[in-house]
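Inspection log for the structure reproduced underneath, given as structure tokens.
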Amino acid sequence: MRMKPKNPKKQNKTTIQGFTLVELLIILMVTLVLIAVLVPITLHYTNKASARSILAEAKNVKLSMYSVGLDCRATNTPFQDGNGTYGFAPGILNEVKTTADCQGEIYLLKWDADTCQPEQFIYIEKGYLVTYQKVNNENQWDVSKLNHLINGS
Numbered sequence: 024m025r026m027k028p029k030n031p032k033k034q035n036k037t038t039i040q041g042f043t044l045v046e047l048l049i050i051l052m053v054t055l056v057l058i059a060v061l062v063p064i065t066l067h068y069t070n071k072a073s074a075r076s077i078l079a080e081a082k083n084v085k086l087s088m089y090s091v092g093l094d095c096r097a098t099n100t101p102f103q104d105g106n107g108t109y110g111f112a113p114g115i116l117n118e119v120k121t122t123a124d125c126q127g128e129i130y131l132l133k134w135d136a137d138t139c140q141p142e143q144f145i146y147i148e149k150g151y152l153v154t155y156q157k158v159n160n161e162n163q164w165d166v167s168k169l170n171h172l173i174n175g176s
């Protein structure tokens, strides 16, 4: 003789179960930890890509200065003006920007008239500051992000 269980379940009927509250909280916590880790990494690589893009534009500006400088030498027109805000002779800044197809601000600090090349300049665009200087015949490029105003006065 077979004994029947006290709480028989029907073999054909499937039971539907959902997630418990604890399981949902664990999934939520794991998701939040992943987001907390991935967001800074994503921002880092996004900033790095933007900095490289701005550096490429600054290098185009340097080539543009060289090209316009050669034109100025050929036509005996001045390239640099130390009294101007940006360091360029009148009209030269616009020509450099047009040739380089850039939107940023260019500040010429030092110009070598013999080689028609900049020895030192600053390029600012989209919150990035690129400084260029020629040290011992080597090009030195530095890119910084302008996050906040240090001195507002």
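Sequential numbering of the sequence shown, starting at 24, is according to our numbering.
Even for Gly, the Cβ is constructed at its ideal location relative to N, Cα and C.
Just so we're clear, the structure is a prediction, and the values are computed from it rather than from any experiment.
Exercise. Label E80 either buried or exposed according to how many other C-beta atoms from any shown protein chain fall within 10 Å of its C-beta, with 16 as the threshold for buried.
Key: Classification for E80: buried.
Exercise. Go to Y151, then tell me how far its alpha helix (DSSP H) extends in each direction, as first and last residue.
Key: No alpha helix (DSSP H) holds Y151; the beta strand (DSSP E) holding it covers 151–158.
Practice problem: Between the Cα of G106 and those of Y130, L93, M88, K85, spot the shortest distance and give me the residue it belongs to. | Solution: For the sequence presented, residue 106 should be read as Asn rather than Gly. Nearest C-alpha to N106: Y130.
Quiz prompt | Contact with chain B by A136, beta-carbon distance below 9 angstroms | solution = The structure shown contains no chain B; it holds only a single protein chain.
Quiz prompt | Cβ neighbour criterion (16 or more within 10 Å) applied to P63 | solution = exposed
Quiz prompt | Which of helix, strand or coil DSSP assigns to P141 | solution = It is a strand residue.
Quiz item: Among residues of its own chain, excluding the 5 on either side of A123, which ones have a beta-carbon nearer than 6 angstroms to its beta-carbon?
Solution: N83, V84, S87
Self-check item: Simplified DSSP assignment, three categories, for L169
Solution: coil
Exercise. Can you grab the Cα-Cα spacing for the pair Q163 / T54, in whole Å?
Key: 43 angstroms
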